[in-house]
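Asks: Count the sequence shown with the working numbering and you get residues 422 to 1007, in order.
Just so you know, even glycine gets a beta-carbon here, dropped at the ideal spot from N, CA and C.
Source: prediction; values computed, not measured.
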Amino acid sequence: MPEEDPPRDAAPLIAAINPTRTRRWAVMLCFPLFIALASPWWWATTSIVRLPLPVARIAALESQGDPVISTLISLTGNDAAFPKAPAGRADFPTATKLDALATEVIKGVDGMLGRDRPDVRGTRRWDMVTNGPKSASHRVHIEVSESAKADWPLEPYVQTSYGTADVQPGTVVIPIHPSMVSDLNLKRHYKIALVNAIHNLLPSHLPPLANRALAYSPNITLSFVVVNEDAADGAFVDGWDIDGALRDHILPHLEPLAPVFNFSVESQVLYHAPLAFEPTHDEEGWVVDEDGMKMFVSERWTLDSLSTNNPVLKFLLFVPSAQHAPLRLSANATSFLIPQFGSVVLLNPPAEAGAYTLSLDALDRPFKQFTEHLYGLLSLPALFDKLHPCPETVPKGGKTRAQRGLRDPLTVWQLDTILRVRMAENAAEGRKTLGGIVRLVDKIKEMQLGSGVRDKVLGAVRRLEELPDTAQDMSPLNAFVLSRDAVGLANEAFFDPSMMGLLYFPDQHKFAVYTPLFAPIGVSIVVGILREIVNILKRRKAARKTANEKKKVDERLDIGPEAESTGMTTAMDTPAAARLRTANTT
């Protein structure tokens, strides 16, 4: 049966419910139009800046070695340190004799290095002149002294500010007794003493950084803490002469390090810091074994520090309670070092109960151990054992530093090695960080690289490229400053917040965020547009079909009454013609 047309009174209702074609297109196109208009703003606000990096220069730096910087040594000596020429022979001036001696010393060291295999052969990192400039920090002086040993071999030492010789502190002194100046082998003994001293003070191979040492940081905090296990149980320390101990034991070693480190010192006293384990008891008292040393410092101890960003080295003077006294380590030692953290020194209190104060004399032994631990934690080189102690003046009514067990301060020779070692460490770290930045930026395409980061990278690259030029300055301090600034800029660039902001937003993350937001709207818009296109095609097809049928009907009607008289089938016999006649009749 043919479908019935809807009632005529339903047409207005259908027209009211269904929006017009123009309105439907306007609603569907407003979303794409909004996206098209907002795209420039979205692109401007979400686009990233990726300035180019000096990739080729950084690659060249990664293959670059550390510069060989020569230190200038000035050789001086007393006129009386050389014998007078016999009668009838020319007597050369002291400067000429020193020049000849310096030449022999250089040849001797080069000969020692030349005997080593090429793969392990070192490099002489110094040069020697006679009567060099007064500004020369490295000096060697031959001193004629009545207090010198009247025997061979000679006993060189490094002059300190407490020494008896009238020379600049830090000078290597070759003392000789007046009775030995006339020896025929005097020049040979001078050469042996100078070669041994200088070759060991300025080694051809830089010592490696120990694993226990703290990585380089320009600012370091030293925290000295008295840790009472339990002030309510037995004797405890409620005060100590920390100012005097720091003045005599620590500061003489920190002041020479001012070009390398910036130290801040703090102290405190804890009255309750119980052990997190139970020591082992034996006939002599309580023992802390190796496992106990690993857990000795408890997290419950309030080892507060005013420093927030600087690394802190903690030196703990532990005073056990009466319950665990006397306390010692398993190897009968009284102290141990904690790598990259600090050290612990055990101090057993007196038998009588109550509070007491540690005097300066009582702090000599603990702070002597703290000083040794400080050398290990900062990887500070020690003077080699062939150097002898510096003769000291005896203070009135007191003891010499040697009698108190105080360590000699750092010398310019040790500082030279420290500067070279830390320069090599910083340069290697700077090159590694710059290479890491290049690889990271190349791997993460969405990472921003603005002018601030690029300027820091360029500054680090420029300083590392200037390192070889410092070899002409004959001072490792300039090279160290360049390497320190280079690694600082490289680290600032690597951890720049502008780079970290987009580090966690790759393309996958963007698709994961935008797809749930725009997919439902986009699907509805696409489906609506497709439906409208289908409806348009259907209406056009229906219109063409109606037009064709009407054309055929018109053609049939134009045939006339001849077709009716002959009984031929005309277009009026078709269903469309029948509907047309019905419509006309109506």
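T544 to G797, Cα distance in whole Å?
Replies: Looking at the backbone, the Cα of T544 and that of G797 are separated by about 26 Å.
Asks: How big is the Cα-Cα spacing for E985 and V974?
Replies: With a pLDDT of 48 at E985, under the threshold of 50, the predicted position of this residue should be treated as unreliable, and no value is reported.
Asks: Just to check my reading of the structure: V766 and S644 have Cβ atoms closer than 8 Å, yes? What is that Cβ distance to the nearest angstrom?
Replies: In fact, because the Cβ distance is near 14 Å, the residues do not count as touching under 8 Å.
Asks: Tell me, please, which residues DSSP counts as bridged to I759.
Replies: G763
Asks: Ignore the nearest five residues each way along the sequence and tell me which others in Q689's own chain have a CB closer than 6 Å to its CB.
Replies: V646
Asks: Considering only C-alpha positions, which residue in the set W661, P599, P760, H559 is nearest to A636?
Replies: The residue with the shortest Cα to Cα distance from A636 is P760.
Asks: Which term fits N649, buried or exposed, when burial requires 16 or more other beta carbons within 10 angstroms of its beta carbon?
Replies: buried
Asks: Under the DSSP definition of a beta bridge, which residues are partnered with D548?
Replies: L493
Asks: Helix, strand or coil for E813 per DSSP?
Replies: E813 falls in the strand class under three-state DSSP.
Asks: Are the beta-carbon atoms of L493 and M895 separated by less than 7 Å?
Replies: yes
Asks: When the Cα of A803 is compared with those of E850, H598, H674, which residue comes out closest?
Replies: H674
Asks: Is DSSP giving Y796 helix, strand or coil here?
Replies: helix
Asks: How big is the Cα-Cα spacing for G498 and T592?
Replies: 12 Å
Asks: Within a Cβ cutoff of 7 Å, which residues of the same chain sit near S872, ignoring the five residues on either side of it in sequence?
Replies: L472
Asks: Is V616 closer than 7 Å to V526 when the C-beta atoms are compared?
Replies: yes
Asks: Can you list, in chain order, the residues of its chain whose CB lies under 7 Å from that of R875, leaving out five sequence neighbours each side?
Replies: L472, L474
Asks: For F682, which residues in the same chain have their Cβ closer than 7 Å to its Cβ, ignoring the five residues on either side in sequence?
Replies: P639, I641
Asks: How big is the Cα-Cα spacing for R852 and S685?
Replies: Straight-line spacing of the CA atoms in R852 and S685 works out to 29 Å.
Asks: Comparing alpha-carbon positions, which option in L454, L482, R444 lies nearest G857?
Replies: Cα-wise, what sits closest to G857 is L482.
Asks: Within the same chain, show all residues whose beta-carbon is closer than 7 Å to that of N912, passing over the 5 residues directly before and after it, in chain order.
Replies: T854
Asks: With 16 as the cutoff for other CB atoms within 10 Å, does H626 come out buried or exposed?
Replies: exposed
Asks: Would you kindly check if the distance between the Cβ of M716 and the Cβ of A697 is under 7 Å?
Replies: yes
Asks: May I ask you to list the residues that DSSP assigns as paired with F1008?
Replies: The requested residue 1008 does not occur in the structure, where the chain is confined to residues 422 to 1007.
Asks: Considering just the uninterrupted stretch of the alpha helix (DSSP H) at V530, what are its terminal residues?
Replies: Annotation: the continuous alpha helix (DSSP H) that includes V530 extends over 515 to 535.
Asks: For the alpha helix (DSSP H) holding Q835, just list the boundary residues, first then last.
Replies: 833 to 864
Asks: Does the segment 528 to 536 come close enough to the segment 876 to 888 that 3 or more CB-CB pairs lie under 8 Å?
Replies: Fewer than three Cβ pairs drawn from the segment 876 to 888 and the segment 528 to 536 lie within less than 8 Å of each other, which leaves the two stretches out of contact.
Asks: Roughly how many whole angstroms lie between the Cα atoms of P770 and V658?
Replies: 8 Å
Asks: Which class does I1023 belong to by DSSP, given the choice of helix, strand or coil?
Replies: What is shown of the chain runs 422 to 1007, which leaves residue 1023 out entirely.
Asks: Can you find the residues in the same chain that come closer than 6 Å, C-beta to C-beta, to N1005, ignoring five residues on each side of it along the sequence?
Replies: The pLDDT assigned to N1005 is 46, lower than 50, so where the model puts this residue is not dependable; a value taken from the coordinates is nonetheless given after this. Excluding positions up to five away in sequence, the list is empty.
Asks: Just verifying my parser: in three-state terms, what is the DSSP assignment at P433?
Replies: helix
Asks: Assuming contact is defined by CB atoms lying nearer than 7 Å, are D829 and T581 in contact in what I supplied?
Replies: Cβ distance < 7 Å, so D829 and T581 count as in contact.
Asks: Would you kindly work out how many angstroms separate the C-alpha atoms of A679 and L938, rounded to a whole number?
Replies: Taking the CA atoms as reference points, A679 sits about 59 Å from L938.
Asks: Quick one: Cα of A459 to Cα of V476, how far?
Replies: Rounded to whole angstroms, A459 to V476 spans 37 Å at the Cα level.
Asks: The beta strand (DSSP E) that contains L734, what's its start and end?
Replies: From DSSP, the beta strand (DSSP E) with L734 extends over 733 to 740.
Asks: Using the rule of at least 16 other Cβ atoms within 10 Å of the residue's Cβ for burial, across every protein chain shown, is Q929 buried or exposed?
Replies: Per the 10 Å Cβ criterion, exposed.
Asks: Measuring straight from C-alpha to C-alpha, what distance separates W462 and K931?
Replies: 17 Å
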